[in-house]
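Asker: For reference, the structure I am asking about is given below.
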Amino acid sequence: MEKSFPVILCELRKEKGLSQKEAAAKLGISQALLSHYEKGIRECGQNFLVKVADFYGVTCDYLLGRAPGRISKDDYSYFFEIEQTDELPMRKTLFKAIGAVVSELSANGSRSGLEFTEFISSQLYKLVLLEAQAGNLPPNWAGKNFIGGEVRLSRLYLALIDYAASDYIKSSESKNRIESKPMPEALKTIVQATEKHVLSSAIEKLPPIPLEMLK
Numbered sequence: 010m011e012k013s014f015p016v017i018l019c020e021l022r023k024e025k026g027l028s029q030k031e032a033a034a035k036l037g038i039s040q041a042l043l044s045h046y047e048k049g050i051r052e053c054g055q056n057f058l059v060k061v062a063d064f065y066g067v068t069c070d071y072l073l074g075r076a077p078g079r080i081s082k083d084d085y086s087y088f089f090e091i092e093q094t095d096e097l098p099m100r101k102t103l104f105k106a107i108g109a110v111v112s113e114l115s116a117n118g119s120r121s122g123l124e125f126t127e128f129i130s131s132q133l134y135k136l137v138l139l140e141a142q143a144g145n146l147p148p149n150w151a152g153k154n155f156i157g158g159e160v161r162l163s164r165l166y167l168a169l170i171d172y173a174a175s176d177y178i179k180s181s182e183s184k185n186r187i188e189s190k191p192m193p194e195a196l197k198t199i200v201q202a203t204e205k206h207v208l209s210s211a212i213e214k215l216p217p218i219p220l221e222m223l224k
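To convert, note that position 41 of the sequence shown is 50 in this note's numbering; the numbers rise steadily by one, no gaps.
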């Protein structure tokens, strides 16, 4: 059975952990009006529908119960706009970089890009585990195997996640090696930012280098 707009509107607010008062303030309406929308007493206009879609990161079709997925395939084009600059590693840039890599993998005859998706999923799961342990994410987001953040988050467990992720990447090796070609700007931004962070982190953590080694 398809969900109605009032039900979906209420579910999205609760998922975000917002009270009606907080959500109404962020959406620029009164709490009473939002309550009426969530109860189906009143119908909202098109402008408010678009505002809600942007705020919760879903499509208008999803809000209206016309699409099961929160983001349609066409909506991904938003992240791949050519005119968008990629000088900073923003969220849109990251989406574009991932899209470029998956597209390249899909173009390779021996791979579908699925392995890379599984790799990203594994690393995302690791991030969720660590952030749940730190208290920055709800503990239940870490799955049923997350027990108090102790045993399951041992170094061995995290290492196993890394191993599983790398196994996806190594699962199929191309017979036809891809030749060098220009790197997509979005990917270049992500790579350069990451390399800079890794280098600076390494320098901070490494012990001082003896002066005689620098001569």
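For every residue, glycine included, the Cβ atom is placed at its ideal position computed from N, Cα and C.
Values in this document were obtained by computation on a predicted structure and should not be read as measured data.
1. Expressed to the nearest angstrom, what Euclidean distance is found between the alpha-carbon atoms of lysine 82 and glutamate 127?
2. Specify the secondary structure class of glycine 108 as computed by DSSP and reduced to three states.
3. Quick check for students: name the residue ranges of the alpha helix (DSSP H) that lie wholly in the stretch 31-63, counting only runs of 4 or more.
4. Is lysine 105 buried or exposed, if buried means 16 or more other CB atoms sit within 10 Å of its CB?
5. Helix, strand or coil: how does DSSP classify threonine 102 here?
6. Let me know the secondary structure DSSP gives lysine 135 once reduced to three states.
7. Leucine 73 lies in the alpha helix (DSSP H); which residues open and close that run?
8. Roughly how many whole angstroms lie between the Cα atoms of isoleucine 187 and serine 131?
9. Mind the definition here: the stretch 36-53 touches the stretch 13-28 only if three or more C-beta pairs lie below 8 Å; say whether that holds.
10. Label alanine 33 either buried or exposed according to how many other C-beta atoms from any shown protein chain fall within 10 Å of its C-beta, with 16 as the threshold for buried.
11. Would you tell me roughly how many angstroms separate the C-alpha atoms of alanine 151 and alanine 143, rounded to the nearest one?
12. Is valine 16 helix, strand or coil by DSSP?
13. For valine 137, which residues of its own chain have a beta-carbon under 7 Å away from its beta-carbon, when the five flanking residues on both sides are left out?
14. So for leucine 196, helix, strand or coil by DSSP?
15. When you compare only the Cα positions, how much space is there between glycine 26 and serine 44?
Answerer: Let me lay it out:
1. At lysine 82 the pLDDT is 47, less than 50, meaning the model places this residue with poor confidence; the figure from the coordinates comes in the next sentence. Taking the straight line joining both Cα atoms gives about 19 Å.
2. Glycine 108: helix per DSSP, three-state reduction.
3. The qualifying runs are 40-48.
4. With 16 or more other Cβ atoms from the protein chains shown falling within 10 Å of its own Cβ, lysine 105 counts as buried.
5. Correct three-state label for threonine 102: helix.
6. Shown here, lysine 135 sits in a helix according to DSSP, grouped into three states.
7. Taken as a continuous stretch (DSSP letters only), leucine 73 belongs to no alpha helix (DSSP H), as it is neither H nor E.
8. Between the alpha carbons of isoleucine 187 and serine 131 lies a distance of about 25 Å.
9. Contact holds between the stretch 36-53 and the stretch 13-28, because three or more Cβ pairs, one in each stretch, are under 8 Å apart.
10. Result: buried.
11. Rounded to the nearest whole angstrom, the C-alpha separation of alanine 151 and alanine 143 is 12 Å.
12. Of the three classes helix, strand and coil, the one that applies to valine 16 here is helix, per DSSP.
13. Correct list, in chain order: Leu146, Trp150, Ala151.
14. Of the three classes helix, strand and coil, the one that applies to leucine 196 here is helix, per DSSP.
15. Straight-line measurement puts the Cα of serine 44 at about 16 Å from the Cα of glycine 26.
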